[in-house]
Structures are given as C-alpha cells and as structure tokens.
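These notes are about the structure you will find just below.
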Amino acid sequence: MMILALAAPAQDIAATRDMSTTGDNADRIRRRKLSRPCGDRLRLPIQFVYPLIEAMKKFFQIFVSSVVVFACCGVSLASDDSSISVLLIDGQNNHNWKETTPLIQQTLEGCGRFQVDVVTSPPAGEEMGTFDPTFSDYDVVVSNYNGQPWSEKTQKAFEAYVAGGGGFVCVHAADNAFPDWNAYNRMIGVGGWGGRSEKSGPYVRWKEDLKRFTRDASPGRGGAHGKRVPFIVVVRDRDHPVTRGLPGSFMQTNDELYAQLRGPAENMHVLATGFSAPESGGSGEHEPLLMTVQFGEGRVFHTTLGHDAHAISGVAFQATLQRGTEWAATGEVTLPPVDSNVLTSGEAALRDPSSIMPDEFTAIPNLQADGWVTIFNGKDLSGWKQKNGTATYRVADGVVVGKTAEGSPNSFLCTEKEYTNFELTFEVMVDAGLNSGVQIRSLSRSDYKNGRVHGPQIEIETAPGESGYVYSEGTGRGWITTEQPIKDAYLNDQWNRFIVRAAGDRIQTWVNVEAIADIRDPESSQQGFIGLQVHSIQKDTGPFEVRWRDVRIRPLD
Ligand code: ZN
-9 MMILALAAPA
1 QDIAATRDMS
11 TTGDNADRIR
21 RRKLSRPCGD
31 RLRLPIQFVY
41 PLIEAMKKFF
51 QIFVSSVVVF
61 ACCGVSLASD
71 DSSISVLLID
81 GQNNHNWKET
91 TPLIQQTLEG
101 CGRFQVDVVT
111 SPPAGEEMGT
121 FDPTFSDYDV
131 VVSNYNGQPW
141 SEKTQKAFEA
151 YVAGGGGFVC
161 VHAADNAFPD
171 WNAYNRMIGV
181 GGWGGRSEKS
191 GPYVRWKEDL
201 KRFTRDASPG
211 RGGAHGKRVP
221 FIVVVRDRDH
231 PVTRGLPGSF
241 MQTNDELYAQ
251 LRGPAENMHV
261 LATGFSAPES
271 GGSGEHEPLL
281 MTVQFGEGRV
291 FHTTLGHDAH
301 AISGVAFQAT
311 LQRGTEWAAT
321 GEVTLPPVDS
331 NVLTSGEAAL
341 RDPSSIMPDE
351 FTAIPNLQAD
361 GWVTIFNGKD
371 LSGWKQKNGT
381 ATYRVADGVV
391 VGKTAEGSPN
401 SFLCTEKEYT
411 NFELTFEVMV
421 DAGLNSGVQI
431 RSLSRSDYKN
441 GRVHGPQIEI
451 ETAPGESGYV
461 YSEGTGRGWI
471 TTEQPIKDAY
481 LNDQWNRFIV
491 RAAGDRIQTW
501 VNVEAIADIR
511 DPESSQQGFI
521 GLQVHSIQKD
531 TGPFEVRWRD
541 VRIRPLD
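Residues in the sequence shown are numbered consecutively from -9, following the numbering used here.
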C-alpha cells in the first residue's frame, strides 16, 4: 500500500479510494482471521514434531533481538502494520475456487507474514460493473479468478495499480483468464486456453540440450496439460529472492503441469520449470512453472501450480507461493527457505495448510545483526593454534589457505578461545578430492587419545556431496546428523557461505542459505574451540588446498 501511495499517480489513488466507501465493496471483502487452537499442533507432520513450546522459549530468549526473526514471526511479535496486506480475488473459476481460496489464504496467513482479505466477484452471468475492489489498499493482489472480463474501469484501476508498483500473484488457472485483455497478458507473461494461439505470443521453454530458454513462435494452441502426476520442480535461477536457499529441485505432489502456455513474455524471467512427460500426456518439454514479470513499476509472480486442494497441500506449492507473494509485495524475501530435509526431490512433502505455524519458520541468522566478531584478522594467524597433523596453514590475500601434507593425520587450525552458544559464518572454497570441515565446540585433551581433536564438525566438500551435515570428529561416533542425502548446495570452484547456529543442544547449518542440518545433539560438549580442518590424504594424491575467509562469530550468551 505504501509502495503504491508513493508511486501511483494521485488521481488513481483518489479514484480508487472513493470506490472503497461503497457498501457493495465492503460486503464483498471478507476479512477472515483464522483461529488456530493449540490442538492444531497435534496434527503436525512428523518432521515438525518437536517440543514446540520449549523451542519457542529458547528461540525468543536467544534471538529476540534479531530483525529477521521479527519479520518471520509477524503474528506473534510484530504489529499488523508490518504484515503484508493481500487481496485474494475469487468468484468465478472453472476450478473449485470455493474450496481452494481458503487453502490459499491459510497458506499465506499460516506463515505469519501476511494478512489476507478475500474479495469475491459476482457469479458468472451477472453484471460485473459492481466489481471494483480497492486494489491500492493492498501490498499485493493474488488472483484465484478465471471468469468473465472485469469492467473497463476495474481493468484500468488494476493496470494502474500494478504499473504503479503494486504486487500481483497469478495462481494456476488465473492465467487462463482474460485472453483479450492486453495488459493482463503482459502482466502474466504467458497464459493458456481461451483461444490463445500464436497470435498471443511465443511458447517459452527450457531446452536441456542448449541449456537455455527458447521462444517458439510456431503456430499452435496455447494451454495444455497431461494427467495429474507428481513432478519435479527444477529451479533454473537459484539466485533470485524467491528461490534463493531452496533446493535445486524438489517434488510437487500430483498437480496439473501446465504446458504450451504462450503470451507476450515481455520482461519475464522463468525461475523454475517442470518436465511435461509424454507418458502422462504431456508436451515432452521443460515448461515454465514459476515466473516473474516486471510490469511498469510492479512485480508479478506467476505460479502455474495449485490445481486443487491436493495440489495446494504440496509444500512445493506452499513455499513458492509464500515466497513469491512476499517478493511481489516487497521485492525481498525474508521468509527462511523451507528445510531441505522436508522439500526433497524424492517423495513430495504434503502439509495441511491449516496446520502451518509461524514459529516453524526458523530464521536464518542475520549476518547484518550487531555482535558479529571477526576471528581471523586477514593478516596472520594470531589467535589460532595448529593441533594434531602437519598440514600447512598460511595467510595469503586475506585468506587462510590450508594445504595437505602426505602422511599427516587430520590437521586442525584452532581458535585459542572457546565458545559456547553462537552463530558462526565463514566462506570456504575446497579443491575437489579434499575433504574438509570446520570443528565447533571441539576439544583437545591430553587425557583423550593424546590430544586428538574431537567434537562436532561441519562437513565441507565439493558437490554433489555432504557439505553442511554434522560429523562427530575423533570420537568414533560417526555422523551426528541422522541422514545425509546428497545435496548440491555447495557451489564448486566458488566461495561458499556457510552459516552455523549452535545454541544449547541444537545445531543448525546453512550452505549458501540452503538449510542443511537442524539437529539436537545432547551428547557432544557444548563448549570448545573452532577448528579449520585439513584432512589426511591417501598416498600419492594431492597436494590439495582449502581456503577460508570472512570467519566471524556472534556469541549468543
Ligand atoms: Zn487446473
């Protein structure tokens, strides 16, 4: 709302404000606050079952000063003013909008970031002239509408709203709507059905052999889909706020995979595609699933997912809708990425939208917060001490470079100081073939294996691999994380940002903002040094190097 008030021409705001006073309009906007009694918590799926109240207590004790946490816990902590206001439009659709609208509303409101009003159009066949929502009262408009054309006045108001900086989210069959409304088609980029054809614009598809998107202007209908099957959402841009930190690919539950969409595709950026498999009646193409479009000053997020209640129960739909809606409204995403142990490319994760709770949106540590302390000065290794092996550590250009030594056991460059509860971050780049890691809360004592460094280690290795999982170094215990599905969060031959939070017995890790581990480890020491590992190597291999920079810690005690 603020964005529009600043950016839209004054006469448009005045005009839409006037309309908001009509009784018709007020009646049609239903402000429904969902009540979520405590009993709902019993319905959480297994991956979310942990002592929520304990977790909440700890969470607030430790992180109450974090800006990120405030943003993600709008319901509990922030005033309504900080919520993103959403206008969700329904009333006509060839899909069951009466069932799906409340689920979309729950998906948005459940995460604590949004407050949703629903506006319902007159039914099909009735006079549409009375349908005139005050778009400018909202940060973002979400459409679950696929029906008769709106009045020219409403269309113009909507165009001015988005062009003036308003957010717009197009969900599934909303991209079937308005085939003849030029500006709407420019907002959604591509659409389907309603007589769409080559006259509407090109098909836009990812070509795996070319590794890029192509535009195909050849004649043909716009809009198709095969049978409803589960499919993998493949992220094509992992550095957009909507997708940053999500896994590179993840499964959506049975849904319609829209294919052969076509349209102007101006200022359109495809974030993710899905393969429309011929064996289930699909096009055989990698079709756009998630898109952004710039329309004037406005941001549009377009998801083709979400055909029905079952599709909306997919965490893949929910997470991308929440993130896309926040981005359309603000240009940023503060919602933490969904735990990659939940959003996998194996079985599709399902979630009853009414059970989504704000406190599950565990915030990634805020690297801009107060209290971060550099523990490597960029010039020399003062404050650090080498233990165990004979690998070499040197400082070059502000970087700690560890180099393997044949015949050496694992080596560790350890802080002289010990730390208890903290957030830790560093950037790292490791040669392929070298295993590395960073010890946290680790110990070296003469009465334990002759000073063998031992304790939790955050794994570092090239992708695909196990970077970010937690290993119990030097204890014989093996992995502390219970499963280590192979991931590609680590980016080979680049600097990689690792973030660790250790608080009480909980250890969380992120690699390039993808959440990797979130474990309870009551067995390990909760105090000790930080240690940079250079692993031993096999005979006649190496030498290998591993580099760290920007090593910082933020004590939480
Ligand atoms: Zn559908």
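Backbone N, C-alpha and C define an ideal beta-carbon position, used for all residues, glycine too. Just so you know, these numbers come straight off a predicted model, no measurement behind them.
Query	Result
Using three-state DSSP, classify residue 196 as helix, strand or coil.	strand
Could you say which of 331, 391 and 373 lies nearest to residue 533 if we only look at CA atoms?	391
If we count the other Cβ atoms within 10 Å of its Cβ and call it buried at 16 or more, is residue 11 buried or exposed?	Note on residue 11: pLDDT 33, under 50, position unreliable in the model; the coordinate value appears next. Exposed, since its Cβ has fewer than 16 Cβ neighbours within 10 Å.
Which residues, in chain order, sit with a beta-carbon under 5 Å away from any heavy atom of the ligand ZN?	246 and 297
Can you check which of these residues, 131, 206 and 312, is closest to residue 348 by C-alpha distance?	312
Determine the closest residue to residue 186 out of 250, 215 and 234, with distance taken between C-alpha atoms.	250
Check for me: the alpha helix (DSSP H) holding residue 142 runs from which residue to which?	142 to 153
Tell me which residues share the same chain as residue 145 and place their Cβ nearer than 7 Å to its Cβ, disregarding the 5 neighbours each side in the sequence.	171
Does the separation of the CB atoms of residue 442 and residue 436 fall below 8 Å?	no
Span of the beta strand (DSSP E) holding residue 284?	276 to 285
With three or more beta-carbon pairs closer than 8 Å as the criterion, would you say the region 496 to 508 touches the region 322 to 332?	yes
With residue 90 and residue 302 assumed to form a contact (beta carbons below 8 Å), what rounded beta-carbon distance in angstroms separates them?	6 Å
By how many angstroms is the C-alpha of residue 520 removed from the C-alpha of residue 470?	17 Å
Determine the direct distance from the alpha carbon of residue 339 to that of residue 36, and round the result to whole angstroms.	The predicted model places residue 36 with a pLDDT of 29, which falls under 50 and marks its position as unreliable, so this point remains unresolved.
Who are the near neighbours of residue 322 in its chain, counting only those whose CB is closer than 8 Å to its CB and skipping five residues on each side?	231 and 316
Determine, using beta carbons only, whether residue 280 and residue 267 come nearer to each other than 8 Å.	no
Assuming residue 346 and residue 97 are in contact, meaning their beta carbons sit under 8 Å apart, how far apart are those beta carbons, in whole angstroms?	7 Å
Quickly, what does DSSP pair residue 105 with across the bridge? List them, please.	75
Is it right to say residue 451 is buried, meaning 16 or more other beta carbons lie within 10 angstroms of its own, or is it exposed?	buried
Are the beta-carbon atoms of residue 178 and residue 135 separated by less than 8 Å?	no
In the structure shown, what three-state DSSP assignment does residue 449 receive?	strand
Kindly indicate which residue of 140, 252, 415 and 118 has the alpha-carbon position closest to the one of residue 209.	252
Is it right to say residue 86 is buried, meaning 16 or more other beta carbons lie within 10 angstroms of its own, or is it exposed?	exposed
Is the beta carbon of residue 157 sitting closer than 8 Å to the one on residue 319?	yes
Since residue 259 is in the beta strand (DSSP E), which residue starts that stretch and which ends it?	258 to 265
CA-CA distance, residue 150 and residue 298?	31 Å
Between the Cα of residue 104 and the Cα atoms of 112, 120 and 130, which residue gives the shortest distance?	130
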